[in-house]
Structures are given as C-alpha cells and as structure tokens.
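Its first residue numbered 2, the sequence shown is counted upward by one per residue in my numbering.
As structure tokens, the structure follows; a few thoughts come after it.
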Amino acid sequence: APHAIAALGIARTFQNIELFEHATVLHNLLIGRHTHRQTGFWSEVFFTPATRRAEIAAREKAEQVIDLLDLQHHRDSMVAGLPYGVRKVVELARALCTEPKLLLLDEPSSGLNVEETADMAFWIQDIQHELGVSVLMVEHDMSLVSKVSDRVLAMNMGEVLATGTPREVQSDSKVIEAYLGTVDDVSSLRRAVA
C-alpha cells in the first residue's frame, strides 16, 4: 500500500504531474507531511497542543523545502495557475516533505526547457549532497543523467545493455547501437536523405 511504502522512507514523483490543482503550493507540501503526523482524530478535531506542535513542525519543514527549491514566490499561489516547470518543482518539493531516504524520480526533466532542466539538475544534486537522500530516476536526457548520476543502467526493450558511470555507459557500443544506430545505419540514412 502507498502509506506503507512512504513509511519505509520512499517517495516518488510522476512523469505526469499529480498535484492538488485547487490548493496552494504550501498546502500541497503540507499534504506531503501527513505521513509524519502522529496525532489522532480527536486531537485533530479539538486542535490539542500536540496537534498544534505537529502543525508547526509540518509548516517549518514545508518552509525549509520551499527555500531549498526556490519556491518562495509561489508559496501562496494556486497550483492550477502555475507554469508546467514550476509544477514539476512543486511535485519534487512535496516528495521531499515526506523526508525520504530514497527518492524515485520518473522523467524529472520531461517537458522542461533547457534552463528548467539545469535547475532540476542543481536541485537533484542538492537533494543528494545536502539532504543525503538517495535518488533513483528514469530519465532520457543524458545531459541531466551525466550531471547527477554516479551509476547508470541503460536498457532497451526491457534488456539491460550496460551499467557503469555515465561516461562508460554513453560510450558502450550496445548503447550507441540501440539509441543511435550503427555506422552503416547512419550512412544509409544519409544516402536516403541526399
């Protein structure tokens, strides 16, 4: 079940953004904190001192993530009115609010422009180095992969082609053939175009 996975310290983002469109950025992040709430139904209803402390702690964590990912200007904005690139960052922020040990990213640069992709690379590196979170991602943008990855596994049609450092995998002959074709393929393509 999803709550059991979250309890293990695993969070994820989706290729297709899954946010609460008619809530603010802050409220979307607070939703990510719900796995850390240890107050019960009645203490929530009566807003007991323990509930107030939990709410303050949740808001403090959300504000830390807002600062980390430069979302200050969007804190009180409704998600529905935000550009796509900002929504991707909000989804990443919500995942971080769960304080994961392992963060699964599904196509984090999908739909982003070059500048947004560079920002995403920067934030992924911050998440790894400053927060100590392990990141496992599925990504086709090899520039992003090269910037943020220690180890890479390249696959084609469900088959593992190569594993290693980004440089090793990018220079692997099976990877080159699968994604760029052979020298003969390129030559025949050039003849067909000419």
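All C-beta atoms, glycine included, are put in the ideal place defined by N, C-alpha and C.
Let me confirm a value: N114 is counted as buried when at least 16 other C-beta atoms fall within 10 Å, else exposed. Which label applies?
Exposed, since its Cβ has fewer than 16 Cβ neighbours within 10 Å.
If the criterion is Cβ atoms closer than 8 Å, does the pair T214 and S44 meet it?
Residue 214 cannot be examined here, being either before or after the span of the chain that is shown, 2 to 195.
Would you say I32 touches the ligand PLP, meaning its beta carbon is less than 7 Å from a heavy atom?
As far as ligands go, the structure on display features none, and thus does not contain the ligand PLP.
Would DSSP call M156 helix, strand or coil?
The answer is strand: DSSP assigns M156 an E or B state.
The beta strand (DSSP E) with R13 in it runs from where to where?
Per DSSP, R13 belongs to the beta strand (DSSP E) from I11 to T14.
Enclosing alpha helix (DSSP H) for V146 [first to last residue]
Where V146 is concerned, the enclosing alpha helix (DSSP H) stretches over M143 to V149.
Should the segment 170-177 be regarded as contacting the segment 123-142, the criterion being three or more beta carbon pairs within less than 8 Å?
Counting Cβ pairs under 8 Å, fewer than three are found: no touch.
From which residue to which residue does the alpha helix (DSSP H) around S174 run?
Residue range S174 to L181 is occupied by the alpha helix (DSSP H) that includes S174.
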